[in-house]
Amino acid sequence: MTSTVGPPPYYENHGFQPENVYSARQPGAYPYPQYFSTNAPPVPSYVPRVATYQSSRPVAHSSERTCASNIKKTIVIILSILLVICCAIAAFFIWYFVENRCLGSLIECGSSGVCIPPSQWCDGVSHCPSGEDETRCVRLFGPDFILEVYSPVSKSWYPVCQDDWNDDYGKIACKDMGYSVDTYYYSRGVATEVSFKSYMKLNRSAGNIDLYKKLYSSDSCASGNVVSLRCIECGLSIKSMNIMNRIVGGSGAMPGQWPWQVSLHMEGIHVCGGSIITRQWIVTAAHCVEGRYSDPYSWRVYAGILNQNEMLLRNGYRVQQIISHPDYDTDSKDNDVALMKLETPLSFTDTVRPVCLPNPGMMFQPNQQCWISGWGAEYQGGKTSNNLNYVTVPLIERSRCNSVYIYNGMILPTMICAGYLGGGIDSCQGDSGGPLVTNKNSVWWLVGDTSWGTGCASPNRPGVYGNMTVFTDWIYKNMQANR
Ligand code: ARG
158 MTSTVGPPPY YENHGFQPEN VYSARQPGAY PYPQYFSTNA PPVPSYVPRV ATYQSSRPVA
218 HSSERTCASN IKKTIVIILS ILLVICCAIA AFFIWYFVEN RCLGSLIECG SSGVCIPPSQ
278 WCDGVSHCPS GEDETRCVRL FGPDFILEVY SPVSKSWYPV CQDDWNDDYG KIACKDMGYS
338 VDTYYYSRGV ATEVSFKSYM KLNRSAGNID LYKKLYSSDS CASGNVVSLR CIECGLSIKS
398 MNIMNRIVGG SGAMPGQWPW QVSLHMEGIH VCGGSIITRQ WIVTAAHCVE GRYSDPYSWR
458 VYAGILNQNE MLLRNGYRVQ QIISHPDYDT DSKDNDVALM KLETPLSFTD TVRPVCLPNP
518 GMMFQPNQQC WISGWGAEYQ GGKTSNNLNY VTVPLIERSR CNSVYIYNGM ILPTMICAGY
578 LGGGIDSCQG DSGGPLVTNK NSVWWLVGDT SWGTGCASPN RPGVYGNMTV FTDWIYKNMQ
638 ANR
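Here the working numbering = 1-based position in the sequence shown + 157.
Here's what the structure looks like:
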């Protein structure tokens, strides 16, 4: 390998030029060929050079030496600065790709690392591995169910102008949120709020293409009306409330008063409550379907029956699938929500009806009057109640509920407190998964699902409920993906 090469030339070291002497001698060859040479002993060919440099060099003038060392210093400083800059640039890119893996205007599919251009979002064709690009294109906003469409280009939501809109489009939008078309209720125009500056409008002349491709953004809406869309007739109770005050401290419910309330049985025993949101989907708490309770086939769901003894004489609905929130935490009860899909759809009657899921942009007042219902214990340590009870409870602001003398920071954003700091009225064991509802704009909304509390009805230990508003995205996504 290196046997043909003569002794290396002397070399004057004008700075940091470490090993190029080898590569210059042997272009393309292994950079340290002489170490493997059979003829040339490696050490002598290297050591003498250094020694020679030291010994044979004439003694330089001190000014020359200072100049050389100054140049060295300068080069070292420059190289150090360059190294720091390179590290900073590298660190920036690492951060950029970890935080935001898609370059420029590309949008990431969930957290999959797959990036697609905005033009492919909401175009009716699924490009993301789990189809995220087609499942988050529409939403209903506020207490009036205003239909809004997402614009991936401007990364914001726009209300849809009523002009040229019809029920066929409404049905498409409802299907995209995970609702079934056979429960479709209505689309109607409502007067716009002044705050709307831009709208999504239908392009009539566009042919038979995807709904979202037919929509374009516009600053005007001739009718002045935007689409209010109801995908299911929800939140209706036939029984007008007699606001009485057993649950702990509640009263017995009338038939049809809480038609969304269901009792979840395992092996003939009431375990938890739940709320009907569609013919096939029940919302409950994740802690109700944990561990040995996670097998869908051991559950039976009873709807429209107030009395537990009566349930034992009936069959109940079978459960096909249970979806627990992936971020549910057993210890903290963070994300305490789960979905149950029934094997056969419910038939809606006066006593079996869905509750409305809260829309984004619903403002619940800090002390908003709400109602809880369930077959839970009527006192701490008591047994399941035979009849459905209900009681009214006000919401408690998170900051207050998190104060040291109440729950001292245990109330996470996925939770909401409701009850009385004086104690005496509360949900209790067996009420879990059941509804916390409020009435707004003549509609009953699911504000929360019964989750936890220290004891039951103790002073300064109110009930803690899953904050449904933060779960609706997850619920729609799962209903849509498991149709
Ligand atoms: N975790 C209970 C259940 O499984 C509900 C507790 C509600 N407690 C309360 N103090 N509000 O039924």
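Here a beta-carbon is modelled for each residue, glycine too, at the ideal position from N, C-alpha and C.
- [ ] Quick one: residues with CB closer than 6 Å to any heavy atom of the ligand ARG, in chain order, please.
- [x] Gly533, Asp583, Ser584, Cys585, Gln586, Gly587, Asp588, Ser589, Thr607, Trp609, Gly610, Cys613, Gly620
Task: Beta-carbon contacts of Gly620 that lie in its chain and below 6 Å, excluding the five residues immediately before and after - done: Ala575, Gly576, Asp583, Ser584, Gly610
- [ ] Evaluate the contact criterion for the region 587-606 versus the region 431-444: three or more CB pairs, one atom per stretch, below 8 Å.
- [x] yes
Open item on the list: Could you tell me the alpha carbon to alpha carbon distance between Val509 and Gly587, rounded to whole angstroms?
Closed with: 20 Å
- [ ] Hey, could you find the ends of the alpha helix (DSSP H) Trp278 is sitting in?
- [x] Counting along the chain, Trp278 falls outside any alpha helix (DSSP H), and DSSP gives it neither H nor E.
Task: alpha helix (DSSP H) segment containing Ala330, residue limits - done: 324-333
Open item on the list: Assuming the contact rule is C-beta atoms closer than 8 Å, Val383 and Cys294 should be a hit. Round their C-beta distance to whole Å, please.
Closed with: With 8 Å as the limit, Val383 and Cys294 do not qualify as a contact, their Cβ atoms being about 17 Å apart.
Open item on the list: Using a Cβ distance threshold of 8 Å, determine whether the region 477-497 contacts the region 437-448, with at least three qualifying pairs required.
Closed with: yes
Open item on the list: Extract the residue ranges of the beta strand (DSSP E) inside the region 412-459, only unbroken runs of 3 or more that lie entirely within it.
Closed with: 418-423, 426-433, 438-441
- [ ] Give the C-beta separation of Ile529 and Leu552 to the nearest angstrom, bearing in mind that I take them to be a contact with Cβ-Cβ under 8 Å.
- [x] Between Leu552 and Ile529 the Cβ distance is about 11 Å, and since that is not below 8 Å, they are no contact.
Open item on the list: On a Cα-Cα basis, can you pick out the residue from Cys378, Val600, Gly623, Asp321 that is closest to Leu393?
Closed with: Val600
TODO: Check the DSSP bridge columns for Arg387 and list the partner residues they point to.
DONE: Tyr343
Open item on the list: Quick check: the region 352-359 against the region 556-575, are at least 3 beta-carbon pairs closer than 8 Å?
Closed with: no
- [ ] Given a cut-off of 7 Å, decide if Trp456 and Val476 are closer than it, judged by their beta-carbon atoms.
- [x] yes
Task: Supposed contact pair Ile404 and Asn546 - C-beta distance, whole angstroms, cut 8 Å - done: 4 Å
Open item on the list: When you compare the CB positions of Met334 and Tyr622, do they come within less than 7 Å of one another, or not?
Closed with: no
Task: CB of His461 within 7 Å of CB of Gly531, strictly - done: Here residue 461 turns out to be Gly, not His, going by the sequence shown. For Gly461 and Gly531, no; Cβs fall outside 7 Å.
TODO: Taking the CB atoms as reference points, tell me whether Ser380 and Asp320 lie closer together than 7 Å.
DONE: yes
Task: Residue(s) in a DSSP beta bridge with Gly533 - done: DSSP lists no partner for Gly533.
Open item on the list: Between the alpha carbons of Tyr307 and Gln277, how many angstroms are there, rounded?
Closed with: 13 Å
Task: Proximity of Ile115 and Arg555 at Cβ, strictly below 7 Å - done: In this structure the chain extends from 158 to 640, so residue 115 is not present and cannot be described.
Open item on the list: Please report the distance separating the alpha-carbon of Asp324 from that of Glu289.
Closed with: 25 Å
Task: DSSP state of Ser313 mapped onto helix, strand, coil - done: strand
Open item on the list: At the level of alpha carbons, what is the spacing between Tyr373 and Trp314?
Closed with: 12 Å
Task: Whole-angstrom distance between Asp493 and Thr571, CA atom to CA atom - done: 8 Å
Task: Cutoff 6 Å; reference Cys513; Cβ partners in own chain excluding five residues on either side - done: Cys391, Gly392, Val600, Trp602
Open item on the list: I believe Trp417 touches Pro511 by the beta-carbon criterion, under 8 Å. Please report the beta-carbon distance rounded to the nearest angstrom.
Closed with: 6 Å
- [ ] Assign Phe628 to buried or exposed, taking buried as 16 or more other Cβ atoms, counted over all protein chains shown, within 10 Å of its Cβ.
- [x] buried
Open item on the list: Looking at Leu386: is its Cβ nearer than 7 Å to the Cβ of Gly327?
Closed with: yes
Task: C-alpha distance - Tyr369 paired with Asp280, whole-angstrom precision - done: 6 Å
Open item on the list: In whole angstroms, give me the CA-to-CA distance for Pro274 and Gln478.
Closed with: 34 Å
TODO: Measure the alpha-carbon distance for Ile234 versus Ala245 and round it to whole angstroms.
DONE: 17 Å
TODO: Identify whether Leu304 lies in helix, strand or coil by the three-state DSSP scheme.
DONE: strand
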